[in-house]
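Encoded as structure tokens, the structure appears first; notes follow it.
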Amino acid sequence: MKFITLVVLFTFSFGLIVSPIPENLTPPSFRRAISVAYHQESNTIYVFGGGRQSGETFTNILWKYNIVTNKWNQVPLNSPNIPEPRAGCSMTIFNNSIYVYGGATNYGPSSDFWKYDLDQYIWTEIDVNGDAPPEKAFMAYCTFEWNNTYFMAMFGGYNQISSSNDLYLLNLETLTWTNKIYKEGDDKPENRVGAAMYFYNESLYMWGLSDGNKENSENVFVYRYELSEERWYIVCKNKENISARNYHTITIYNDYFYVIYGVYLREGFEPTVIKRINLLTCSEWKVADFNATDLKLFMFGAVHDGSDVYAVCGSTQAEQFNSVIRLDIKNHQIEHESKNYYTFKRRHSYSLFRVENQLLLFGGADEEKSYNELYVFNIDTEKWNLIIAEGDPPSARYGHCSAIYEGLYLIVFGGEDSDKKFDDFFMFNIKTKEWKEIIPTTSPAGRSGCCMAAFEKYIIVQGGKTTSEVTEDIMILDMHTKELHIINKYENYKNAAVQNHKCWVEGSNNNDSNIISLIIATGEYSTGQPLENVVNLKFNLSNLDNKAQLSTRHSYKEEYRWALAGVIPLDNYFLVIGGSIWSMYASNKIFLITYKEGDNHTIIPLNPNVDEQIYFYRHDIEQYGRNIYVSFSGATYSNVVKKQYLLSHFYKMIPDDNEKIYIPCSSGTYGEKCKPCPAGTYKSSLGSTDCVKCPQGTYNMDESASSLESCFPCRFGYYSNEEGAALCKECEEGFYCPVGSLSQGVKKIYESVVTSQPLDYTANPYDPFYGRVYYFVYFTGTLIFLVYIFFPEFRKKIIKIDYFSEKHATKIGEPILKVRTSLGGLVTIIFTVFQIIYISKAFTSYRTDNILETKALVPAVTRSEVFSGTKFSVVTEFIHYPGVCVEETYNNCSRYFYKTLQDVDGANVFCKKLNDTCIITFECPDCILIGDPIISYSLCGFGSLASGIRVKASSTSSIPGYDSEESFYIGFSNGSVFRGQTKSEFFFEVTRSIFESDSSDWKSGTTGYHIGPQAPPNYGSTVSGLNINYENCVGAKIYLDLNGSVLVTRRILKLEFILLVTSTIAAVFGFLEIFGLGMIIGERIEDYYKYRLLKMVKFQWILEGREIVVRSFDYETVRNRCAKIKPLSVDAKVQPHVRNISIHHSHSECGNITQISEI
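The numbering of the sequence shown is our numbering, which starts it at 9 and goes up by one.
The following block contains the structure:
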């Protein structure tokens, strides 16, 4: 193995292409009111101090810029003493030393005098010899050689009280100050702040706005100080075509006096042109025709090199700069030697992560303070920007651990500042630019120097230093439930208490996806000893109470053991850049180490092609494509770790063709050239494999996406029926497309409240004839009556069955004899039929209409029964739910489904998906509710949202044959959805019930539950628009409030059976008497009408008899008359009982007389 490693070390020494970003290295942050000095031998401009327009503190960092290579660098520092941060000081270079005097500090103008040794990198405060200048700031200054002696001149500025117009010369060879006193007759300049000076032809020229604007014309006078005469002169008094200003610079070329930019702050005037005037004629101020006509600049540092003027940093009233502009005075050309580039103060112990084509940098610290700013670096444009974040950000910190979760969120935990170690979790939404604090169920111990990895729904934190020790704990935070588990026990125990290390998750090779390995690389123990192995911590995510298995995979030589290094896990290797050891030495090494279990141990050094060795520690690195981005490092002097004054830059490292085989494409890129995944796709794995298309119902507009969660659900009114959509299709008119639609549909209307309760008891009398018995009775009765009337034989036969023989009428004074009559027989038949029907009805009514139901609420304490429902269920429907509801089996709920059941025993929960509705059913057979049950559901992960939620609670009632149901529906049809941390709440009232019955038709003592509403639902978390994409759970919380009373339903018999029998028997005899009475009345009526009829008949007979007699007399009379006249013919027919007889006379009637024989 040693031989293999040695061969590999020798064979694979390649050359990384190292490219700084920006190309001229990282400049200082934007600043103005800087001081500059030019070191001609090295072509270097030195920049010191300055501040920001926003009011940030001044700086005391010394920078240098090479005008030949156009490279920025921070100047090293090897001394603890350093000038206080300041702006507007005077500055010069002589004999490889930089001298700084005065300037505005946080406490006002200063009068201290400092020297920086460019060879030793040491600041020294030196004594002021000669005429000590007072405290000064924003004075005009310049360096010049006169009479073979180098001087620095310093004019004006302001002190603690006011501005000034004094002139001091510093002999740079003797470091002696001389105050040049005004002489009588001098054209003395007024007090000035922010003026400019330039040495030309043995004189010092000065120009600038006088303090207080005492006379407008004096503001534009060109002053000259004659060094040999030690007198001030006004060279030019021309005030036409020139405006007063300060914080500018001046130069002289070919006897032309140039005024370069500046500002008049009180008037808000910022010139965009350069003016010049001829010093020999002073005839007219003219515009110098440079190629840039819209440039504004003031409070910049100016360096003169022959005919060139370099303007360094500065600002306008709207923005600030860190650029370097060269003004070619001879040719009137302006060139941007170093373009303006947004950057920030160097820092260490931050976190750096990539999301899509951006790098995020958070936190960190420098020699002054800790930070909580968040910066983003665009990989395509290679530009930094400050993120203006919303929400609740973390406090300033460094040494924290971080990870990217779901490709969309930056998770931050722990860290420290000068006072404490932090124990809080925060999440930053990269799309919405919002911070949120994560509150876990258990509070962790604060720590710094930990490592963090994200795996599926888990955030895993290991190690780090608490306030008392370096810990070996593994913390696992479930991002869906916010439960925090801690593993602090290991099998095969070895020391896992490490800090300042990196870790990542390796999935299990077996079939159990819950078993993972946390790989730990680099780092150090509490003693400072570096970690010598690749450590593997294996544990089961489904059983976090168990111990973790600790094992080591590979050990490596001491020269490759580092902490605080930049680490990136690759396919079979992990890349290490820099690091520190024993908190003393920094590393410039870049190498690959194998870490896969079973692989041969291999270390591959990579050598960057740089002129100078670059040391890194307390930094971070990231990968995009195959390129490696290396961010700012902690301070070093050679390979020695320094605690302060960071000197580092930002780099991109590009592997050559030989190295590419070891550095696969990053997530979000594909193919041999590691192209960014196009819109509508994503790729979470390493390598050159193709990107994965977003599922139907989703879209992704961005390139280089690295997670499924980057595929957002289609917005309301849109749908996507194809995979890999960059944009969703608009829903056609007449169709309905809720959020996350796979297709167009029709809107369905839901009722907000639906109730179904047991009805009050109503009798349902049993009728075997279904009501047709009455038709039978009517028909049969009519038929018997007709037969009785028209069939005498029938009347004779029914005389025998006359039961009412004793009821027939008798005569007073005559013997009482039992007589049967046909009417008695008819009444007997009718009575029998009636009694049969009556008795049947009575017994049927006893069975079916003999119940009286009562309901009453009684205190539960008065009942001793155990209440249960045969079938108790709660059905929850998440409507228009595009996410995963079930796993492979039909009713096996999603692995990201979470439930909590409180105060309920023996319940089952299962899921199914019907079209776009996720249905979760809670079933509790023979359910016994204890206390006030609460059912809580959460569906988390990709696509977990719903446009509507319906909850139906139902139970078998204690009343046989009935269920009790109550349902609520809440929903949106305007694009809002249910999604977020707060679950929707539904409130039901559950009343225990018991049924008691006197009838054997129902089982007495059955129990159940009655469901009713308690309060309207609470909608919980709802989101709309783009915010829908950045929550990950939808849930419902169902409250089943157990009523303190019991509903008692009783069904009692209206009539007992013995009473029914006796009353029926009594009724039989009663009806018998009634029928008998009816028969008697009938017979009496019959007798009455018979008597009347007989009288009428007899009377008729009398009348008829009398008529016959009358007619007989008439006959005799006629016959006698005919005998006299003629024979009389009488045609008379006399019928019995006929009263009208016709007698006709005719000529022949007397001849045809017949005797009427029938009388």
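Cβ atoms here follow ideal geometry from the backbone N, Cα and C, with glycine treated the same way.
Being a predicted model, the structure only gives us computed values, none of them experimental.
DSSP state of residue i mapped onto helix, strand, coil
i, result
"Val1054", "strand"
"Ala300", "coil"
"Asn38", "Asn is not the amino acid found at residue 38; the sequence shown has Phe there. Phe38: coil per DSSP, three-state reduction."
"Thr530", "coil"
"Ala326", "coil"
"Leu834", "helix"
"Ala868", "helix"
"Asn137", "strand"
"Asp1095", "helix"
Straight-line gap, residue i to residue j (C-alpha atoms, nearest Å)
i, j, result
"Glu499", "Lys546", "10 angstroms"
"Ile942", "Gly951", "26 angstroms"
"Asn916", "Arg634", "51 angstroms"
"Met205", "Ser170", "20 angstroms"
"Pro6", "Leu831", "Nothing can be reported for residue 6, as the shown portion of the chain is limited to 9 through 1167."
"Ile589", "Glu31", "31 angstroms"
"Leu716", "Ser521", "18 angstroms"
"Tyr266", "Gln128", "38 angstroms"
"Pro616", "Lys668", "14 angstroms"
"Pro28", "Pro35", "11 angstroms"
"Thr301", "Pro279", "10 angstroms"
"Leu66", "Ile484", "A quick correction: the sequence has Phe, not Leu, at residue 66. Whole-angstrom Cα-Cα distance: 43 angstroms."
"Tyr1017", "Ser881", "11 angstroms"
"Leu1111", "Arg1127", "24 angstroms"
"Trp154", "Tyr46", "17 angstroms"
"Thr257", "Tyr124", "25 angstroms"
"Lys1106", "Ile797", "24 angstroms"
"Pro703", "Asn437", "22 angstroms"
"Asp174", "Gly165", "9 angstroms"
"Val762", "Phe930", "19 angstroms"
"Glu210", "Glu238", "11 angstroms"
Reference residue i; option with closest CA among the options
i, options, result
"Leu451", "Phe421, Tyr653, Lys473", "Note that residue 451 corresponds to Ser in the displayed sequence, not to Leu. Checked all of Phe421, Tyr653, Lys473; the closest Cα to Ser451 is Phe421."
"Met709", "Ser693, Cys685, Tyr129", "Cys685"
"Gly983", "Phe361, Cys722, Ser591, Asp924", "Cys722"
"Glu345", "Leu33, His408, Asp628", "Leu33"
"Tyr231", "Phe38, Glu248, Tyr208", "Tyr208"
"Ala41", "Glu1091, Lys188, Tyr124, Asn254", "Asn254"
"Val311", "Val363, Ser43, Asn365", "Ser43"
"Asp194", "Gly202, Val243, Lys681, Asn179", "Val243"
"Leu1034", "Ile809, Tyr625, Cys719, Tyr349", "Cys719"
"Gly1052", "Val866, Glu814, Pro933, Arg94", "Val866"
"Arg274", "Glu605, Asn1040, Ala252", "Ala252"
CB of residue i within 8 angstroms of CB of residue j, strictly
i, j, result
"Ile927", "Cys935", "no"
"Ile25", "Ile662", "yes"
"Tyr213", "Ile268", "no"
"Thr990", "Arg1000", "no"
"Ser955", "Pro672", "no"
"Ser410", "Val478", "no"
"Ile524", "Gly531", "no"
"Tyr1238", "Gly1028", "No answer is possible for residue 1238: the residues shown for the chain start at 9 and end at 1167."
"Ser992", "Asn1026", "yes"
"Ile622", "Tyr568", "no"
"Gly138", "Cys97", "no"
"Val1069", "Ala868", "no"
Residues near residue i in its chain [Cβ-Cβ closer than 6 angstroms; skip 5 each side]
i, result
"Arg1058", "Thr862, Glu1004"
"Thr925", "Glu885, Ile887"
"Ala529", "Lys510, Val542, Val575, Phe582"
"Phe385", "Leu367, Trp392"
"Leu953", "Val985, Arg987, Val1042"
"Asn647", "Tyr593, Ala594, Tyr623"
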